[in-house]
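What follows is a set of notes on a single structure, which appears directly below.
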Amino acid sequence: RTIKRGQDWQMIIPFIKEISGFMRYIHLNFKHMDLMESSFIGIFILIILALLSVYIFFLITLQRTLETIDISSRTMNPGHVWFMLIPLFNMVWQFIMVNHITDSIRNECNRLNIPVQEARPAYGIGITMCALSVCGLIPVIGYLASFAGIIAMIIYWRKVNTYKNLIIANHDNFLLDAEREAMQSRG
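Just so we're aligned, residue 239 is where the sequence shown starts under this note's numbering, counting upward by one.
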């Protein structure tokens, strides 16, 4: 299923409704707390929601990148990026997903004759991101690894988005010159 612009929020609305229900539950069950304790909990929940919304936009970018890639070049269904929201399972799935996204980008670049500097596009930073997120579970160094993992995720996000834009800009490279001229004369 292809998601058009403007439908992103429609996908997220049920999730937001669940979060608001959870917030009501917290409010009703923690009325006995003093103002300071409830403020800390509120701030913590807002930070978690902000991070989660950024992560959802990251996953939307990965999904759109796979949707941009021709079906014959894809090695993974675009909707499978949402498996990353399953706790613990995502620790393993992220490695598989990065591998599939890399192979899909490489296959599409080969199909469209797009010269790529890397043998496996975005793979190095993607695997680094995955390894750092797993290292985030290690006591003591986990905080530092998690921070580095967030930086690696941002770099990976930008790199995948750059490849997506490159593929979009060159989507008609596979056509023969005669076919391209015929399409331009019609349009």
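C-beta atoms are modelled at their ideal positions from N, C-alpha and C, and glycine is treated no differently. As the structure is a prediction and not an experimental result, all values here were calculated from the model.
Asked, Found
"Under DSSP, the alpha helix (DSSP H) around F385 begins and ends at which residues?", "380 to 407"
"Who are the Cβ neighbours of C347 in its own chain at under 6 Å, not counting the five residues just before and after it?", "V354"
"Using CA atoms only, rank isn't needed, just tell me which of L297, S311, F282 is closest to L350.", "S311"
"Leaving aside the five residues before and after I401 along the sequence, list all residues of the same chain whose C-beta is less than 6 Å from its C-beta, in chain order.", "Before going on, a small fix: residue 401 reads as Tyr here, not Ile. Only I343, P359 meet the Cβ criterion."
"Count the CB pairs spanning the segment 324 to 344 and the segment 300 to 315 that are closer than 8 Å, and state whether there are at least three.", "yes"
"Use the C-beta contact count for Y381: other C-beta atoms within 10 angstroms, 16 or more gives buried, fewer gives exposed.", "exposed"
"Compute the Euclidean distance between the alpha carbons of F278 and G374, then round it to the nearest angstrom.", "23 Å"
"Given V372, which residues of its chain have a CB within under 8 Å of its CB, disregarding the five upstream and five downstream residues?", "M329"
"Could you tell me the distance, in whole angstroms, from the CA atom of A390 to the CA atom of F333?", "14 Å"
"To the nearest angstrom, report how far apart R239 and R302 are at their CA atoms.", "Any reading at R239 must be qualified, since the residue scores a pLDDT of 47, below 50, and its modelled position is unreliable; the value itself is stated next. Whole-angstrom Cα-Cα distance: 11 Å."
"Which first and last residues belong to the alpha helix (DSSP H) in which E356 is found?", "Taken as a continuous stretch (DSSP letters only), E356 belongs to no alpha helix (DSSP H), as it is neither H nor E."
"Taking all protein chains shown into account, do 16 or more other C-beta atoms lie within 10 angstroms of the C-beta of A357, making it buried, or fewer, making it exposed?", "exposed"
"Residues in the same chain with beta-carbon distance under 8 Å from M335, minus the five sequence neighbours each way, listed in chain order, please.", "L300, M314, H318, V319, F321, M322"
"In the DSSP assignment, the alpha helix (DSSP H) including R454 goes from what residue to what residue?", "Missing from the structure shown is residue 454; the chain here goes from 239 to 425 and no further."
"Specify the secondary structure class of L290 as computed by DSSP and reduced to three states.", "helix"
"Where does P377 fall in DSSP's three states?", "coil"
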